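Asker: Can you read through this structure? Questions will come right after.
Residue numbers (mature numbering (1 follows the signal peptide of the UniProt record, and there is no 0)): -21 to -1, 1 to 448.
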């Protein structure tokens, strides 16, 4: 029915073509006048098919442009929401600010008196004698327990030399902070050194003194010496005691930021002695810092089952896990939302491209907006005079001389080029907002509890740290 009406209307308008190039008239100030900026000024005004196609293109362009504006408003609103979400997330992330202090306070990831007792050193030792075969005196007071001087580190799975952490390039830059504990003072460090030196001299194949030496080097913050001692102790220890040096070795790697290898070795310690609660506590703590929350909680549960007295030590990390787990979920949601907004911008860009394509088809069928529409001197041209112009150089058929053609922008052309639907502006806004949110969240979360990031920063100064020991 509509097509029939349009055809009739078109037929009526066609009668007027002999006196005017216009086939679009409007009532303006009680007069019927030509609408000079209408898309229905056709190049072929007598072509009904082209006229119907023009209607279809025009309706699509106008309708889709409104969709484009709605999409833009939706994206802008989503950007505002993302900023609010980021602010809320950063506020909630303050519970993670305790991470650094938590990591500093984790005495069970450091040497404790209980760990020293587990080695079960003999009560009588030549270290207590003023003179002896070891040549105590000035030399012994300055001697250090360098384990590689007393036993050769063999090659093979028993020393874990296949792990990346023990490759030369990693060992050359190995760095770990000094381990301090309120229960371990300077006197304990010195006593540990003397026990280790004396023990290695008298029992170079004893795992106990290599483990004790690894403790000493950990107290001094020297990873390059602590690692070989712990590996030798792991090699020499009988199966029943192997978890003790494995615990020391895994802890060193963890504090170096070598989380994957630390996980492997601390897991081996648990497998060798699954009924020792401390092994589960250390592994669970390392897994928490690695953000492997499910496994971490499983080992905390097991530690508390084996020894309920561990609960005060584990509760703080459990609180940290609860905070971090919630933040991780929300951060993941934030990144998913950012990805969703990027897809929205892609759809926006696609729709604008399709509008431009259909508008181009619309323009191809209509009479240019320039001088050919000004034949009627009585018509008002104010709308067109307020528009911008664009010009291009063309070479007409049958001529070698270029001609400058100038025309006015159509209403839709101006709208499509306005800032309201500027894709570049929208993408810049998205990137700026996204970067701001990520920066805000990272400041409060990632910088606080990303252990690898912290360790990477510390690893920039291995030479100074090694010399200071």
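Where a beta carbon is used, it is the ideal one built from N, C-alpha and C, also for glycine. Keep in mind that this is a model prediction, so the values were computed, not measured.
1) Whole angstroms are fine: how far does the CA of residue 144 sit from the CA of residue 176?
2) Thinking just about the alpha-carbon of each residue, which of 343, 322 and 390 is nearest to the one in residue 402?
3) Assign residue 346 to one of three DSSP states: helix, strand, or coil.
4) Using DSSP bridges, identify the partner residues of residue 21.
5) DSSP state of residue 450, grouped into three classes?
6) Taking just the CA atoms, how far does residue 38 sit from residue 274?
7) Relative to the alpha-carbon of residue 131, which residue among 156, 211, 193 and 93 has its alpha-carbon at the smallest distance?
8) If distances are taken between C-alpha atoms only, which option among 405, 337, 381 and 69 comes closest to residue 44?
9) How is the alpha helix (DSSP H) around residue 242 delimited, first residue to last?
10) In terms of alpha-carbon separation, which member of 190, 297, 167 and 248 lies closest to residue 127?
11) Should residue 197 and residue 158 be called a contact, given that it needs their Cβ atoms to be closer than 7 Å?
12) Which runs of the alpha helix (DSSP H) at least 4 residues long sit entirely within the region 145 to 222? Give them in chain order.
13) Tell me, please, whether the region 287 to 306 touches the region 52 to 60 by the rule of three or more beta-carbon pairs shorter than 8 Å.
14) Using the Cα positions of residue 291 and residue 166, report the straight-line distance between them to the nearest angstrom.
15) Can you tell me where the alpha helix (DSSP H) with residue 53 in it begins and where it stops?
16) Pick helix, strand or coil for residue 306, following the three-state DSSP scheme.
17) Which residues in the same chain as residue 269 place their Cβ atom closer than 6 Å to its Cβ, once the five residues preceding and following it in sequence are excluded?
18) Can you tell which of 216, 250, 234 and 259 has the C-alpha that lies nearest to the C-alpha of residue 205?
19) If you compare alpha carbons, which of 41, 258 and 25 is closest to residue 286?
Answerer: Let's see:
1) CA-to-CA, the gap between residue 176 and residue 144 works out to about 26 Å.
2) 322 is the residue among 343, 322 and 390 whose C-alpha sits nearest the C-alpha of residue 402.
3) For residue 346, the secondary structure class from DSSP, reduced to helix, strand or coil, is coil.
4) DSSP, once it has assigned bridges, lists 345 as partnering residue 21.
5) Residue 450 lies beyond the residue range present for the chain, which begins at -21 and ends at 448; the question has no answer from this structure.
6) If I take the Cα positions, the gap works out to 60 Å.
7) The shortest C-alpha separation from residue 131 is found at 211.
8) For the residues 405, 337, 381 and 69, the minimum Cα distance to residue 44 belongs to 337.
9) Segment 238 to 251, the alpha helix (DSSP H) holding residue 242.
10) Of the listed residues, the one whose Cα sits closest to residue 127 is 190.
11) Judged by beta-carbon spacing, residue 158 lies within the 7 Å limit of residue 197, meaning their Cβ atoms are closer than that value.
12) Listed in chain order, they are 147 to 151, 165 to 181, 186 to 199 and 202 to 215.
13) Contact between the region 287 to 306 and the region 52 to 60 is absent: fewer than three C-beta pairs spanning the two stretches fall below 8 Å.
14) Rounded to whole angstroms, residue 291 to residue 166 spans 28 Å at the Cα level.
15) 27 to 71 is the span of the alpha helix (DSSP H), which, as asked, contains residue 53.
16) It is helical.
17) Answer for residue 269: 238, listed in chain order.
18) Looking only at 216, 250, 234 and 259, the smallest Cα-Cα distance to residue 205 is reached by 234.
19) For the residues 41, 258 and 25, the minimum Cα distance to residue 286 belongs to 258.
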